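Let me begin by presenting the structure, written as structure tokens, before commenting on it.
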Amino acid sequence: MPTPSLPRSLADLLIAFGPCFTAPTFRTFQALVAGFLTQPGQRTVTGMLVGARLAGRRHHDLAYRFFATARWSADQVGLVLLDLIIATLVPAGAPIVLATDDTLWRRTGRKLHGAAWHHDGAGPGRHRPAWGHRWVVVGAIVHLPFLDRAVCLPILARLWIPGDPDRTPLLLARELVDLVCGHLGDHPVHLVGDAAYIGKPLRGLPAQVTVTARLRCDAALYQPAPPPTGRRGRPRRKGDRLPELVVIAAMTRYQWTAVRVRCYGKTLDRDVLALRCLWYGALGAQPVQVVLSRPLGAPDGYQLALVTTDLAATPATIIERYANRWSQEQAFLDARHLAGVGQARTRTRTRTRRSVQRLVPFGLCCLSLAICWYARHGQPAHDLAAHRARAPWYRTKRTVSVADMPAALRRCLLAAQYQHGHPDPHTLDLFPDLLLTQLDPAA
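Below you can see the structure in the form of structure tokens.
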């Protein structure tokens, strides 16, 4: 497949993915990435070909075979993307913060591999069943200098098929974390998830990996194991059971401390309570730190309960780390509505097992690539000023958004593909408004 004209800035990023493909497949990969990022309409497989200006030049089956039969691994692509994120967006020596969660992509058709009925928490009505694919996704949380909130960049994804007890979402998340840990070696990693993503499968993680999650209100907590008594028999592996969280929050023996945290773009004052204990039912004999939080001056109770295996972190750090997990929910929203991930589904060939397992990870990686490109080559001040000039009535926009980043890359791709003074018929197919622009001088 002929590779479209790529801007040098994007081509330099894509070179890192060369070892993941054979030479012909790598050219197809470059073309489909460019088409996915350029296409303003449906990001179907044929839509990617149109975006890359390859419609009619080569048979579209070549693009379908890229997802269905070509030799490449979505996991390997994700790990190369992780290296790119670390080199571009993570300070030297800083730990990597990963977020894990699952999300649903609605699909149609009963002959689609892996599709099943799932609960859609974002759906309308009281009972929210939806037919589609549920993906367990691991993303890297980074802080961009021109944004005032954290951003999650998806890197790895696994399709969860209900009914298999050996492939639960938590087990799939553990597989993805093991891939990252094996790739990074001794690099410190902080894993963040909600209450569903902490449990027995996360036991035995490497020492450089910590886990932070929301704690269930009915969690059975225990005091640390007492020292051996020297008597016969097996030493105790846990101490006495602690009261329930709501009782602990009301006990005077525990001291609450006032802290200031930065969460969800706001600075908040909170009372926090931290205690070390064991959550034996979930993490066994591994010591954990439980952090309770409530508004400053609240008389009793607690608002948020967190558990972490990071014993060295302060309660404020734990709360801020967990709050940054929300960026993954925003990443899922951006993937659907901005990047069009999950729209490639209109061909029988894309319903097979291998193509289904590749299409969503490919789209997520394209979105993360666009953000990496913007962090390197974007012009936030210029884009913000241009947006204010176009919409002077929109006065609340103080920073660029994630939507501005793929848009800037799309403009760069179009400038490379459609040279000034050389009109191309594909330009008018993608952007009919350009016809009016060319008629302006005549008017």
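Add 961 to a position in the sequence shown, counting from 1, and you land on the number used in the numbering used here. By construction, the Cβ of each residue, glycine as well, lies at the ideal position given by its N, Cα and C atoms. The structure presented is a predicted model; accordingly, all values stated were derived computationally and were not measured.
Bounds of the alpha helix (DSSP H) holding GLY1012 are 1006-1012.
In this structure the region 1225-1234 does not lie against the region 1186-1201, because fewer than three pairs of beta carbons, one per stretch, are closer than 8 Å. Taking a contact as a CB-CB distance under 8 Å, the pair LEU1105 and LEU1050 counts as one, their CB atoms being some 7 Å apart.
Listed in chain order, the beta strand (DSSP E) elements of length 3 or more contained wholly in the region 1065-1148 are 1077-1080, 1090-1104 and 1111-1121. DSSP places ILE1057 within a strand segment (E or B) once states are collapsed to three. Spatial neighbours of ASP1261 in its own chain (CB-CB distance under 7 Å, excluding positions within 5 residues in sequence) are listed in chain order as ALA1210 and ALA1211. Of the candidates TRP1096, LEU1010 and VAL1153, the residue whose Cα lies closest to the Cα of GLU1281 is VAL1153. Following the DSSP letters along the chain, one finds ASP1044 inside the alpha helix (DSSP H) bounded by residues 1035-1050.
Around the CB of TRP1354, fewer than 16 other CB atoms lie within 10 Å, so the residue is classed as exposed.
In the DSSP assignment, ALA1024 falls within the unbroken alpha helix (DSSP H) covering 1022-1029. In this structure, the CA atom of ILE1159 is about 11 Å from the CA atom of TRP1240. Annotation for ASP1295: the continuous alpha helix (DSSP H) segment containing it runs 1287-1298.
With contacts defined by Cβ atoms closer than 9 Å, LEU993 and ALA972 do not form a contacting pair. Its chain contains LEU993, GLY996, PHE997, GLN1000 and ALA1024 as the residues whose beta carbon lies nearer than 7 Å to that of MET1009, once the 5 sequence neighbours on both sides are disregarded; these appear in chain order. Counting along the chain, no alpha helix (DSSP H) covers CYS981, and no H or E run does either. Separation of the CB atoms of LEU1328 and ALA1296 is rounded to 6 Å, and the pair is thereby assigned contact status at 8 Å. Contact between the region 1312-1322 and the region 1332-1344 is not established, with fewer than three Cβ pairs separated by less than 8 Å. If you look at ALA1266, you'll find it in the beta strand (DSSP E) that goes 1265-1269. In the structure shown, LEU1166 falls within a coil segment according to DSSP collapsed to helix, strand and coil.
Three or more beta-carbon pairs separated by less than 8 Å are not found between the region 1160-1168 and the region 1183-1195, which leaves the two stretches without contact. Secondary structure of VAL1233 (DSSP, three-state): strand.
Distance between PHE1107 and THR1171, taken at the CA atoms: about 28 Å. According to DSSP, residue pairing for ASP1155 in a beta bridge does not occur. For the pair of segments examined, the region 1106-1122 was found to touch the region 1272-1290: the number of CB pairs separated by less than 8 Å reaches three.
Your pair LEU1176 and VAL1222 does not check out as a contact, with CB atoms roughly 17 Å apart and the cut at 8 Å.
If you look at GLN1000, you'll find it isn't in any beta strand (DSSP E); DSSP assigns it neither H nor E. The residue from GLY1100, ILE1057 and GLU1205 with its alpha-carbon nearest to that of LEU1117 is GLY1100. Of the other Cβ atoms in all chains shown, 16 or more fall within 10 Å of the Cβ of ALA1300; this residue is therefore buried. Distance from the CA of ALA1077 to the CA of PRO1322, rounded to the nearest whole angstrom, comes to 19 Å. DSSP places GLN1250 inside the beta strand (DSSP E), whose first and last residues are 1248-1256.
Around the C-beta of GLY1039, 16 or more other C-beta atoms lie within 10 Å, and the residue is accordingly described as buried. Every unbroken stretch of the beta strand (DSSP E) spanning 3 or more residues and falling wholly within the region 1203-1230 is given here in chain order: 1218-1224. Counting along the chain, no alpha helix (DSSP H) covers GLN1184, and no H or E run does either.
For ALA1347, the uninterrupted alpha helix (DSSP H) run begins and ends at 1341-1351, by DSSP. Around the beta carbon of THR1218, fewer than 16 other beta carbons lie within 10 angstroms, which makes this residue exposed. Measuring C-alpha to C-alpha distances from PRO1130 to each of CYS1142, ASP1155, LYS1227 and ARG1359 identifies ASP1155 as the nearest.
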